[in-house]
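First the structure, in the form of structure tokens, and then the observations on it.
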Amino acid sequence: MYLELDGNGPLHVQLTRALKDVVLEGRLARGARLPPTRQLARELGVSRNTVLAAYEQLPVEGFIEGRVGSGSYVARPLRTLDGGTAAAAPVPPQSEFARRARVFHDHARIPGRTVPGVRYAFQYGVPMANPALTTVWARELAHAAVYTPPGYPPAQGLPALREAVCDYLARRRGVVACPDDVFIVAGTQQALALAARVLLDPGDVVALEEPHYNALREVMQIHGARLHTVTVDREGLCCHALPCPPPKLVRVAPSHQFPTGAVMSLPRRMTLLDYARRHGCWVLEDDYDGEFRYDGRPLAALRSLDRHGRVLYVGTFSKVVFPALRLGYLVVPPGLRTDFLNAKWQDDFGSPTIEQAALARFIANGGFERHLRRAARALRDRRQVLLEGMRAGAGDRLEIEDSHAGMHLLAWLRGRDRAAGEALVAHARARGLALYPVTPYYLDPPDRAGLLLGFASLTTAEIREAVALLVRCLEEAG
Numbered sequence: 312m313y314l315e316l317d318g319n320g321p322l323h324v325q326l327t328r329a330l331k332d333v334v335l336e337g338r339l340a341r342g343a344r345l346p347p348t349r350q351l352a353r354e355l356g357v358s359r360n361t362v363l364a365a366y367e368q369l370p371v372e373g374f375i376e377g378r379v380g381s382g383s384y385v386a387r388p389l390r391t392l393d394g395g396t397a398a399a400a401p402v403p404p405q406s407e408f409a410r411r412a413r414v415f416h417d418h419a420r421i422p423g424r425t426v427p428g429v430r431y432a433f434q435y436g437v438p439m440a441n442p443a444l445t446t447v448w449a450r451e452l453a454h455a456a457v458y459t460p461p462g463y464p465p466a467q468g469l470p471a472l473r474e475a476v477c478d479y480l481a482r483r484r485g486v487v488a489c490p491d492d493v494f495i496v497a498g499t500q501q502a503l504a505l506a507a508r509v510l511l512d513p514g515d516v517v518a519l520e521e522p523h524y525n526a527l528r529e530v531m532q533i534h535g536a537r538l539h540t541v542t543v544d545r546e547g548l549c550c551h552a553l554p555c556p557p558p559k560l561v562r563v564a565p566s567h568q569f570p571t572g573a574v575m576s577l578p579r580r581m582t583l584l585d586y587a588r589r590h591g592c593w594v595l596e597d598d599y600d601g602e603f604r605y606d607g608r609p610l611a612a613l614r615s616l617d618r619h620g621r622v623l624y625v626g627t628f629s630k631v632v633f634p635a636l637r638l639g640y641l642v643v644p645p646g647l648r649t650d651f652l653n654a655k656w657q658d659d660f661g662s663p664t665i666e667q668a669a670l671a672r673f674i675a676n677g678g679f680e681r682h683l684r685r686a687a688r689a690l691r692d693r694r695q696v697l698l699e700g701m702r703a704g705a706g707d708r709l710e711i712e713d714s715h716a717g718m719h720l721l722a723w724l725r726g727r728d729r730a731a732g733e734a735l736v737a738h739a740r741a742r743g744l745a746l747y748p749v750t751p752y753y754l755d756p757p758d759r760a761g762l763l764l765g766f767a768s769l770t771t772a773e774i775r776e777a778v779a780l781l782v783r784c785l786e787e788a789g
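Numbering (our numbering), first residue to last: 312 to 789.
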């Protein structure tokens, strides 16, 4: 028998894989007898134990069957594979969900990703690196691993973490909730997906800020929602432009709008809540980095003003601890608890227990808020260096949207269209600087060049050098 071993892995694994291919390709039909183990070992120049190991694995997977005193035979009719591999022919999408996902999402073109081969990157959405935090987190994980029960977690989240979230939100964000209202989720993205699944049917209308977080837009589109964008100005969402008839859901980031950085004014917050009450629509508040403000205490959340149970509140630990943690929280009105519990259980049975236990202890012992204070001081310094460098070097070439919050700034290239902005991004990359355009965060982008400048992942020294390089690129662009 001709068999080709591919050299990948132990010999018995290679032989098992080769024999499967022979059966799947139809070179051995149903009922065909395989060579005796000694004979095949001689032909291939391997030990008999290698062949025995392969012959023992194949019956387990249903490819062959052994007959006492007779040998091993191909066990069942198997359809052959055209071209030899299952990956050769693309498979069309199998559901409406999958078809919408292919239309609205391109995994190879997610904006804001790391750019290889550059010296500096104004990458946004990346929290500040903190070696001390890594050490503390390793200690909390080790403790949690010893004391956490090994069974499945509660689908809604570990009670200790939900209680810690409630205590934190009451003190820092003005949100009063009980642990039964809180769901521990795999970051903002899962919270958005659960909200879409629970609140929306295909064809329902969702009102989004324009511009907005692109992943939110795609989640809603993939779930079949129809989008209505609402302009944002310096006071946040322009409530007078909310649609009539009303949408099923309004999504806002009132404490630090992404990407403009606008903070929704109190009159507009009250107008939005009144709109939701009168029309019976839901409001999804995304508070992705409301902890970081540089002109006073963090603002109270929109949810803290809600007296009629219309606001769902989303927070995340990805931006304030690190993205690899993949934990966030969703606070829902009491009437929605059962539906969200069903959706969360169906999705994953619950978030990882050890990480939840470690985070609950980190919050309870004060480590989390100590980290926030240190991070806020460092981010304030980095933001100031970025602002001073751009104002001194770029002059009137840049129009900066200064939001006094968050981990990025939005800067418009004065008098430049989108094509000029794309040319600057390409030129800067060739010079070793990664710049990120704002265009992907619009459903209908303006013909204007804008840049998102993240500063959390750069030191103050790196920011100075990166700004100097940005200024040179602006000068070279003319």
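Positions of the beta carbon are idealized from the N, C-alpha and C atoms, including for glycine.
Close beta carbons around residue i, own chain, < 6 Å, minus the five adjacent residues each side
i: A536; result: L511, D515 and V517
i: G484; result: Here the sequence assigns Arg to residue 484, which means Gly is not the residue at that position. Around R484: A612.
i: Y524; result: F569
i: A475; result: A671, I674 and A675
i: R328; result: none
i: T582; result: C550
i: R410; result: P404
Residue of the options minimising C-alpha distance to residue i
i: V594; options: L548, A716 and L326; result: L548
i: V437; options: G423, T445, R483 and G726; result: G423
i: M575; options: K559, G661 and G601; result: G601
i: L779; options: R450, G356, V402 and R742; result: As written in the sequence, residue 779 is Ala, which differs from the Leu given in the question. Ranking the options by Cα distance to A779, first place goes to R742.
i: D417; options: A526, A507 and E474; result: A526
i: G646; options: R378, V622 and L452; result: V622
i: V631; options: L503, G373, G620 and R684; result: R684
i: P578; options: T361, D606 and L616; result: L616
CB of residue i within 8 Å of CB of residue j, strictly
i: Y431; j: L763; result: no
i: G700; j: I774; result: yes
i: H539; j: P554; result: yes
i: T571; j: V543; result: yes
i: L330; j: A365; result: yes
i: S358; j: A497; result: no
i: A343; j: V379; result: no
i: R473; j: V457; result: no
i: L355; j: L314; result: yes
i: I665; j: L452; result: yes
i: F433; j: A745; result: yes
i: L641; j: L519; result: no
i: R604; j: H719; result: no
i: G639; j: A502; result: yes
Residues of its chain near residue i, where Cβ-Cβ distance is below 7 Å and the 5 sequence neighbours each way are ignored
i: A689; result: M439
i: F660; result: Y463 and A466
i: D692; result: T771
i: M815; result: Here the chain has residues from 312 to 789 only, and residue 815 is not among them.
i: D728; result: D758, R759 and A760
i: A654; result: L505, R508 and V509
Alpha helix (DSSP H) segment containing residue i, residue limits
i: E529; result: N525 to I533
i: R349; result: T348 to L355
i: V594; result: No alpha helix (DSSP H) contains V594, which is instead part of the beta strand (DSSP E) from W593 to D597.
Simplified DSSP state of residue i, which is helix, strand or coil
i: R621; result: coil
i: T391; result: Residue confidence is low: T391 scores 49 on pLDDT, short of 50, so the model does not pin down where it sits. No coordinate-derived value is stated.
i: Y586; result: helix
i: G318; result: coil
i: Y800; result: Any answer about residue 800 is impossible in this case: the structure gives the chain only from 312 up to 789.
i: E302; result: The chain is shown only over 312 to 789; residue 302 falls outside these bounds and no answer can be derived.
i: Y313; result: coil
i: S615; result: helix
i: E602; result: coil
i: F494; result: strand
i: A397; result: The predicted position of A397 is uncertain, since its pLDDT is 46 and thus under 50; a value taken from the coordinates is nonetheless stated next. Three-state DSSP puts A397 in a helix.
i: Y435; result: coil
i: Y384; result: strand
i: A741; result: helix
i: T361; result: helix
i: Q626; result: The question names Gln, but residue 626 is Gly in the sequence shown. G626 falls in the strand class under three-state DSSP.
i: G547; result: strand
i: A564; result: coil
8 Å CB neighbourhood of residue i in its chain, flanking five on each side removed
i: G761; result: L721, A722, W723, L724, G732, P748, V749 and T750
i: D707; result: R725
i: A791; result: Shown here, the chain extends from 312 to 789; a query on residue 791 therefore has no answer.
i: Q325; result: L316, D317, G318 and N319
The beta strand (DSSP E) enclosing residue i, as first and last residue numbers
i: E376; result: I375 to R378
i: E520; result: V516 to E521
i: D659; result: No beta strand (DSSP E) holds D659; the alpha helix (DSSP H) holding it covers R648 to D659.
i: T540; result: R537 to D544
i: L721; result: H719 to L724
i: L763; result: G761 to G765
i: Y640; result: G639 to V642
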